[in-house]
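Visitor: Residue numbers (mature numbering (1 follows the signal peptide of the UniProt record, and there is no 0)): -26 to -1, 1 to 847. Glycine residues also receive a C-beta, built at the ideal position from the N, C-alpha and C atoms. Bear in mind that the values here come from a model prediction, so they are computed numbers and not experimental data. Below is the structure I would like to discuss, written out as structure tokens.
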């Protein structure tokens, strides 16, 4: 009997356990309406069976689905790929969500949902707490009904194409903790109703607003991150922001803010990062910023800040390794005495004077100031003018200030006349000797250059093979203060003893290995074999980084020079590699297709590379030449921002800056990139030519253009350039990368970049545009192709045409003269325009300056007016 009772109890417990197991681990969608809604959503979005198998249990086998008590509460399709059919006509088709009334979270970030947000979304999903639609290609306005989602805690709508103004109804979302509306096409000011979001901890409204910063934001006491960068905000920074005691991250950069930084911001004791660069702020920078205990990053560059920086003797509970950027302002006086540790302190582009303190030798940029015994400083006259305008005393680089000249000693008329006669005789002899030397040089150069002129003008420049001058013998170079000095054991540990799995590539100056430091920081280590590589190459690169610092150069972290046979240079790791490996990368889908960079990213990369080269060419003194500009030298960080690499070939530009002008004056034959030694010379024009090939690589999608100089590549260039005409946009469609999806406006930008590329590839170096003009052209591509040239009078007027446009078009005209203008139809179009008839100039048929028959002299004269000569430097 007892056995029967025990057996019955055992069966009962097994039955209860089965029920619990079935309800906990074998949970199914209990509502047929919800199961049908999921199948409908799967079909309308074109989701693949890999993520949502049609015969599987949605609660158990469908990726991103979470159920509670048999009801669907969370859906996450972030980053999913559509089926082939679904990807052909993607659209915002989520109507099936209306039947999921218990839905708590919907995340579709990085999943294409072209179309507008439906009005019903804010009506039927009352229980929704998380809505994430980042990077979904959404267009249209934000529906006002979203204000009905009173349970909403997180709302991400960033990086889309939303238009119109922010509806005031969003102010009703009182429980909202995270709101991100950045990188859209919204207009109007920031609504004052956002002051009701007392639970907000993150507010990102960058990249579209105008007007002023509402003081009501200062009432959001829970706010930890506030991003209002890249807007058109005017007026001043409200002092009420100083009430945000929990604020950790504040970004107000790239606006039009004026006035002073309120001293109340110095009370933000939890602030770790603050960015106010690229504004019009003035006055003193509050002293409190130097002693804020948690502040790790401060960027106040490119403003109008002025005054003397404070001396900071001690900071209580401060963390080490801060980054402060105060460059491109008007600070003056002596450099402050600091006890705080900085991983980077940028004080360049100011007017500091006096002696260099000890800390200025460690991770401090001091270029373009008025400091004593320092290189790359402002001129004496520029510094003196700045201090005189403000009624301040300038120390004149430690030398006595100029005083009144002493009276000249008296002399009789006879001695004075003798001096004049002697000077005249010596001057005449000197002039005669100079003329004789010029004649001899002219004869010698004409014979030498005459033999190479034809070949030099027909062939593009080859890779630079000359190296920077090695350090002088016996000179001891000390780079101990440049970056961090790693030990050999640290390098081995970081790279896994240079495991082949960590090999990035074989560079021409050394092998590159991926590595990880003990703290988790990703790095790239260049291993240089001193026996097989030029010794001066790594020394030149170290010397370069010790003198030059710019955001477009690959961040240099340190070195290891203790090994006699091998040297190691350490750089910050770039997650997206270089342009040659990122232009096309393998898709993550089931097939082996390649994913191409979109046009916006390609244009961003071109502008970034042009900024880096423009800095080397025009902001460094003397101008620096990269000499290895190609796709593999253009490194890309996690946001596809450009960092120039392969800097071991950088050297000062060769020759006199007026050489081209003198050559034309003496009518000497003009060569290409050939230097006196017969190797390609280090000139900025050489970088421009190589950059033109990089631009063609971005336009055509053809890999390897910028890295090759062989005959087949020259043949390809000749065949491609004929499709680039400033008179015919449709021609460029024959060479555009077929993987690019572009509309009419984007096609004009592609056309403009192709025109810039052709200008850079002019066979005559003196006809290529300067890099700063190229940068402006890429920043304003539509101006390149939409600039009207209606009459010669307008062209001669000094009105709206900028020098970069004139230089760019001047290069195009010269390029067209050397390599005939492509497409006969385009030339016919130019010759038949009404503006030629209105000019009133006529001429006989004859041969052009290059022996081209069939062009009238009137056409050539008008062409010069349409495309004026580049401005000389």
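Distance cutoff 8 Å, beta carbons only. Does residue 333 sit that close to anything in chain E?
Guide: Annotation note: the requested chain E is absent from the structure, which comprises a single protein chain.
Visitor: If we count the other Cβ atoms within 10 Å of its Cβ and call it buried at 16 or more, is residue 707 buried or exposed?
Guide: Result: exposed.
Visitor: Here's a check: name, in chain order, each residue in its chain whose Cβ is nearer than 6 Å to the Cβ of residue 282, leaving out the five neighbours to either side.
Guide: Excluding sequence neighbours, residue 282 sits near 307.
Visitor: Can you find at least 3 beta carbon pairs, one from the segment 599 to 618 and one from the segment 538 to 552, that sit closer than 8 Å?
Guide: At 8 Å Cβ cutoff, the stretches touch.
Visitor: Is it right to say residue 338 is buried, meaning 16 or more other beta carbons lie within 10 angstroms of its own, or is it exposed?
Guide: The residue is buried, with at least 16 neighbouring Cβ atoms inside 10 Å.
Visitor: With DSSP as the reference, label residue 477 as helix, strand or coil.
Guide: Strand at residue 477.
Visitor: Report the option in 209, 372, 127, 218 whose CA atom is closest to the CA atom of residue 199.
Guide: Of 209, 372, 127, 218, the residue nearest in Cα terms is 218.
Visitor: Looking only at its own chain, which residues have a Cβ that is under 8 Å from the Cβ of residue 125, when we skip the five neighbours before and after it?
Guide: Correct list, in chain order: 100, 101, 102, 103, 149.
Visitor: Count the other CB atoms within 10 Å of the CB of residue 600; is the residue buried (16 or more) or exposed (fewer)?
Guide: Label assigned to residue 600: buried.
Visitor: What's the call for residue 461, buried or exposed, on a 16-neighbour Cβ count within 10 Å?
Guide: Exposed is the call here.
Visitor: Compare the Cα-Cα distances from residue 60 to each of 86, 69, 80, 45 and report the closest residue.
Guide: If we check each option's Cα against that of residue 60, 86 comes out closest.
Visitor: Using three-state DSSP, classify residue 699 as helix, strand or coil.
Guide: Note: residue 699 maps to strand in three-state DSSP.
Visitor: Could you check which residue in 129, 146, 209, 364 has the C-alpha nearest to that of residue 179?
Guide: That would be 129, whose Cα lies nearest to the Cα of residue 179.
Visitor: Is the beta carbon of residue 315 sitting closer than 8 Å to the one on residue 295?
Guide: In this structure, residue 295 lies closer than 8 Å to residue 315 by Cβ.
Visitor: Where does residue 159 land, buried or exposed, given buried means 16+ other C-beta within 10 angstroms?
Guide: Burial call: exposed.
Visitor: Only counting the same chain, and skipping five residues up and downstream in sequence, which positions put a Cβ closer than 7 Å to that of residue 118?
Guide: Within the same chain, residue 118 has close Cβ partners 141, 143.
Visitor: Can you find the residues in the same chain that come closer than 6 Å, C-beta to C-beta, to residue 183, ignoring five residues on each side of it along the sequence?
Guide: The answer, listed in chain order, is 164, 205.
Visitor: Can you tell me the Cβ-Cβ gap for residue 9 and residue 32, rounded? I've got them flagged as a contact below 8 Å.
Guide: Yes, residue 9 and residue 32 are in contact; Cβ-Cβ is about 7 Å, under 8 Å.
Visitor: Which same chain residues, not among the five before or five after residue 622, have their C-beta less than 6 Å away from its C-beta?
Guide: The residues are 483, 511, 515.
Visitor: Rounded to whole angstroms, what's the CA-CA distance from residue 539 to residue 503? Just pull it up for me.
Guide: Going by the C-alpha atoms only, they are around 6 Å apart.
Visitor: Quick check on the DSSP output: what are the complete beta strand (DSSP E) runs of length 3 or more inside the segment 515 to 567, in order along the chain?
Guide: If we require 3 residues or more, the beta strand (DSSP E) runs fully inside the segment 515 to 567 come out as 530 to 534, 540 to 546, 558 to 560.
Visitor: For residue 365 and residue 348, what's the separation of their Cα atoms in angstroms?
Guide: Taking the straight line from one Cα to the other gives about 25 Å.
Visitor: Keeping to the same chain, check which residues put their C-beta closer than 8 Å to that of residue 256; ignore five residues upstream and five downstream.
Guide: Cβ within range, chain order: 232, 233, 234, 277, 278, 279, 280.
Visitor: For residue 797 and residue 722, what's the separation of their Cα atoms in angstroms?
Guide: Residue placement at residue 797 cannot be trusted, given a pLDDT of 35 that sits under 50; what the coordinates show is reported in the next sentence. Residue 797 and residue 722: Cα-Cα distance of roughly 18 Å.
Visitor: Checking the sheet assignment: what are the DSSP bridge partners for residue 272?
Guide: The partner list for residue 272 (beta bridge, DSSP) reads 248, 298.
Visitor: So the alpha helix (DSSP H) residue 578 belongs to, where does it begin and stop?
Guide: Residues 573 to 588.
Visitor: Alpha carbon to alpha carbon, how far is residue 157 from residue 115?
Guide: About 14 Å.
Visitor: Straight-line CA distance for residue 691 to residue 597?
Guide: The alpha-carbon atoms of residue 691 and residue 597 are separated by roughly 29 Å.
Visitor: Assuming residue 76 contacts residue 47 under a Cβ cut-off of 8 Å, what Cβ separation, rounded to an integer in Å, is found between them?
Guide: Residue 76 to residue 47, Cβ: 6 Å. Contact.
Visitor: Would you list the residues sitting across from residue 48 in a DSSP beta bridge?
Guide: Paired residue(s): 40, 79.
Visitor: Would you identify the three-state DSSP class for residue 819, choosing helix, strand or coil?
Guide: Low local confidence applies: a pLDDT of 31 at residue 819 is under 50, so the model's placement there is unreliable, with the coordinate-based value given in what follows. Three-state result, residue 819: strand.
Visitor: Using 8 Å as the threshold, is the segment 572 to 587 in touch with the segment 476 to 493, meaning 3 or more CB pairs across them?
Guide: No: fewer than three Cβ pairs fall under 8 Å.
Visitor: Would you kindly check if the distance between the Cβ of residue 285 and the Cβ of residue 310 is under 8 Å?
Guide: Against a cut-off of 8 Å, the Cβ pair of residue 285 and residue 310 comes out as a contact.
Visitor: Quick check on the DSSP output: the alpha helix (DSSP H) that includes residue 732 runs from which residue to which?
Guide: Taken as a continuous stretch (DSSP letters only), the alpha helix (DSSP H) holding residue 732 covers 718 to 734.
Visitor: Given 8 Å as the limit, is there contact between the segment 658 to 666 and the segment 725 to 743, that is, 3 or more CB pairs closer than that?
Guide: These segments touch.
Visitor: Using a threshold of 8 Å, state whether the C-beta atoms of residue 254 and residue 228 are closer than that.
Guide: Not in contact: residue 254 and residue 228 (Cβ atoms no closer than 8 Å).
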